[in-house]
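Novice: The structure is given below, and queries will be raised subsequently.
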Amino acid sequence: MKFLKLVALLLVISTANAQSSQDISLEDIWKNYKFYARSINGIRSMSNGLNFTTQERGKEGINLVKNSYKETGAKITLIDATDLIFDGNKIALEEYEFSSD
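Position 42 of the sequence shown, counted from 1, bears residue number 30 in the working numbering, the numbering being contiguous throughout.
If you want it as structure tokens, here you go:
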């Protein structure tokens, strides 16, 4: 019983100690963006629900890369910047869209 009370006391003390006593101001919220939500830009989910694509900068330009939600680090280059050549000129990959089929 003493052990249970000791554990409960330590839990209460550690929880109270972990609470921040810092005041939140409007300036922190709207000017300094201290509580601004972080997000990931530049990803597009694929229709299979298992993968997403990103544009990643390579040595020769921007590549279109397929990534897996389940397997971190599993990447397949769908379009390599070195392959984007028309009449001897490089084509920059800026925007892309997949067809519904």
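In this text, a Cβ means the ideal position worked out from N, Cα and C, and glycines have one as well.
#1: Helix, strand or coil for Ile50? Go by DSSP, reduced to three states.
#2: Which word fits Thr65, buried or exposed, when buried means at least 16 other C-beta atoms lie within 10 angstroms of its C-beta?
#3: When you compare the stretch 37 to 52 with the stretch 64 to 79, are there three or more beta-carbon pairs, one atom per stretch, that lie closer than 8 Å?
#4: How is Leu14 classed by DSSP in three states: helix, strand or coil?
#5: For Ala25, does the count of other Cβ atoms within 10 angstroms reach 16, so buried, or fall short, so exposed?
#6: Taking only the alpha-carbon atoms, compute the straight-line gap between Leu(-3) and Lys(-10) and give it to the nearest angstrom.
#7: Alpha carbon to alpha carbon, what distance is there between Asn39 and Asn55?
#8: With 16 as the cutoff for other CB atoms within 10 Å, does Asn51 come out buried or exposed?
Specialist: Reading off the structure:
#1: Position 62 of the sequence shown holds residue 50. If DSSP states are grouped into helix, strand and coil, Ile50 belongs with the strands.
#2: As a first step, residue 65 is located in the sequence shown; it is residue number 77 there, counting from the start. So Thr65 counts as exposed.
#3: yes
#4: Your numbering for residue 14 matches position 26 in the sequence shown. Looking at Leu14 - three-state DSSP - the assignment turns out to be helix.
#5: Translated into positions along the sequence shown, residue 25 becomes position 37. Flag for Ala25 reads exposed.
#6: As a first step, residue -3 must be located in the sequence shown, where it is residue number 9. As a first step, residue -10 must be located in the sequence shown, where it is residue number 2. Cα-Cα distance, rounded: 10 Å.
#7: Indexing the sequence shown from 1 puts residue 55 at position 67. Indexing the sequence shown from 1 puts residue 39 at position 51. Spanning the two alpha carbons is a distance of roughly 6 Å.
#8: Within the sequence shown, residue 51 is the residue found at index 63, counting from 1. Asn51 comes out buried.
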